[in-house]
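> Residue numbers (full-length UniProt numbering): 1 to 277. Idealized CB from N, CA, C, for every residue including glycine. Supplied in structure tokens, the structure appears directly below.
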Amino acid sequence: MSEAAGIRVALSGAGGQIGAVLRPRLIAAGIVLRSGGGPTALTPLSEAETVTTGDLRDPEAVDRLLAGTEVLVHLAGTSVEKPLPEVIENNLIALHAVYEGARRHGLRRVVFASSNHAFGMHSVDDRLAIDAPFRPDGAYGLSKAWGELMGQMYWDRHGIEGVALRIGSALPRPTEFRHLSTWLGHDDLTQLVLRSIAAPVPGTIAVWGASNNPRSYWDNSAAAAVIGYRPTQSAEDYAEEILARENPLDPIARTLQGGSFTTMDYTPEAERPRREG
Ligand code: 15L
Numbered sequence: 001m002s003e004a005a006g007i008r009v010a011l012s013g014a015g016g017q018i019g020a021v022l023r024p025r026l027i028a029a030g031i032v033l034r035s036g037g038g039p040t041a042l043t044p045l046s047e048a049e050t051v052t053t054g055d056l057r058d059p060e061a062v063d064r065l066l067a068g069t070e071v072l073v074h075l076a077g078t079s080v081e082k083p084l085p086e087v088i089e090n091n092l093i094a095l096h097a098v099y100e101g102a103r104r105h106g107l108r109r110v111v112f113a114s115s116n117h118a119f120g121m122h123s124v125d126d127r128l129a130i131d132a133p134f135r136p137d138g139a140y141g142l143s144k145a146w147g148e149l150m151g152q153m154y155w156d157r158h159g160i161e162g163v164a165l166r167i168g169s170a171l172p173r174p175t176e177f178r179h180l181s182t183w184l185g186h187d188d189l190t191q192l193v194l195r196s197i198a199a200p201v202p203g204t205i206a207v208w209g210a211s212n213n214p215r216s217y218w219d220n221s222a223a224a225a226v227i228g229y230r231p232t233q234s235a236e237d238y239a240e241e242i243l244a245r246e247n248p249l250d251p252i253a254r255t256l257q258g259g260s261f262t263t264m265d266y267t268p269e270a271e272r273p274r275r276e277g
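Next comes the structure, spelled out in structure tokens:
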């Protein structure tokens with residue numbers, strides 16, 4: 001059992017990749033879980049879990065997910081680069097509906113799945129502190145910057161605490177060169193989410209969702225100091241096999257933190273507007 005035991009948590013996006021990893025682990029940590037699965041009906045994993053479905057743009061679906069809970073872990077939404085209208089519906093409109101639900105139901109905290117792609121246009125040579133400027137690498141990354149600001153606004157205007165998890169590459173294991181910097185192992189993901197649910201926070205905080213990777217692009221000392229996150233996994237343990245493989249990224253994507261997202265619909269230098277001087 002963890003310090004999060006007994007906390008009533010709503011998990012949106014529970015049917016997705018990260019949701020599937022977290023559900024059994026949050027239950028094992030003693031959390032009383034309400035899992036929201038979008039259009040897919042979920043089957044409760046144990047007596048500690050209840051399940052709901054529905055489109056989170058619909059306030060009634062939000063009510064079903066949040067009624068009786070204290071903390072929302074919000075994973076739902078578009079999780080890769082997509083055309084802007086889809087991103088707006090899922091990551092802006094639905095997010096707003098969810099925050100309004102958090103107000104209606106008196107939730108204490110929202111843990112928001114942000115993304116490294118809100119910072120993806122920073123160079124791979126930069127090591128970003130938690131207060132680094134947003135440099136989104138597309139519509140998806142832009143929506144995550146907006147989501148982080150929404151968390152700030154709901155703290156300032158409505159007193160709902162916010163933790164923004166700037167998730168790197170949450171995978172069972174790193175598989176390519178970029179992951180040596182961005183990997184978030186499942187044990188560390190679980191610890192990070194549990195700390196984000198239970199640790200005291202000064203209103204709002206953002207943390208990098210990464211394991212203890214020596215080649216990390218991010219300085220996560222704030223996560224250690226404020227919420228006590230102590231990652232135990234490291235992508236470096238897989239370095240030998242990864243360095244023996246070809247890097248799948250194109251030459252420009254290799255230079256930018258967001259990797260392949262950065263050069264989708266990208267204007268090459270030679271085609272950009274000419275600058276004076
Ligand atoms: C993300 O935000 C995506 O949801 C995931 O599919 C990966 O692309 C990950 O970032 C990453 O940057 O590796």
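#1: Among residues of its own chain, excluding the 5 on either side of P214, which ones have a beta-carbon nearer than 6 Å to its beta-carbon?
#2: Would you say the beta carbon of H74 is closer than 6 Å to some non-hydrogen atom of the ligand 15L?
#3: Kindly give me the distance between the Cβ atoms of residue 280 and A94, rounded to whole angstroms, as I take these residues to be in contact under 8 Å.
#4: Can you name, in chain order, every residue of its own chain whose Cβ lies under 8 Å from the Cβ of D126, other than the five neighbours on each side?
#5: For T204, which residues in the same chain have their Cβ closer than 8 Å to its Cβ, ignoring the five residues on either side in sequence?
#6: State yes or no: is the C-beta of H105 nearer than 6 Å to some heavy atom of the ligand 15L?
#7: Give me, in chain order, the residues of the same chain whose beta-carbon lies closer than 6 Å to that of R104; leave out the 5 immediate sequence neighbours on both sides.
#8: Cβ-heavy atom distance between H117 and the ligand 15L below 6 Å?
#9: Report yes if the C-beta distance between V98 and T255 is below 7 Å; otherwise report no.
#10: Per DSSP, F112 is paired with what?
#11: Using beta-carbon positions only, say whether G209 and L184 come within less than 7 Å of one another.
#12: CB-CB under 6 Å to P231, same chain, minus the five flanking residues each way: which ones, in chain order?
Let me lay it out:
#1: As a working mapping, residue 214 is identified with position 214 in the sequence shown. Same-chain partners within the cutoff: E236.
#2: Reading the sequence shown from its first residue, position 74 is the one you call residue 74. Not under cutoff, so the answer is no.
#3: The structure shown does not extend to residue 280, since the chain is modelled only from 1 through 277, so no value can be given for it.
#4: On the sequence shown, residue 126 is found 126 positions in, with the first residue counted as 1. Here the set comprises A132, Y217, Q257.
#5: For the purposes of this step, residue 204 is taken as residue 204 along the sequence shown, with counting starting at 1. Hits under 8 Å: G151, Q152, W155, E161, G162, V163, A164.
#6: Here residue 105 refers to the residue found at position 105 of the sequence shown. Answer for H105: no, Cβ out of range of the ligand 15L.
#7: Residue 104 sits at position 104 when you count from the first residue of the sequence shown. Here the set comprises nothing.
#8: In the sequence shown, counting from the first residue as 1, residue 117 sits at position 117. For the ligand 15L, at least one heavy atom lies less than 6 Å from the Cβ of H117.
#9: Start at 1 with the first residue of the sequence shown, and residue 98 comes out as number 98. Start at 1 with the first residue of the sequence shown, and residue 255 comes out as number 255. No, the Cβ-Cβ distance between V98 and T255 is not below 7 Å.
#10: Numbered from 1 along the sequence shown, position 112 holds the residue referred to as residue 112. In the DSSP output, where bridge partners are listed per residue, F112 has H74, A164.
#11: On the sequence shown, position 209 is the one that residue 209 refers to. On the sequence shown, position 184 is the one that residue 184 refers to. Going by C-beta atoms, G209 is nearer than 7 Å to L184.
#12: Against the sequence shown, residue 231 aligns to sequence position 231. Excluding positions up to five away in sequence, the list reads D188, S211, N212.
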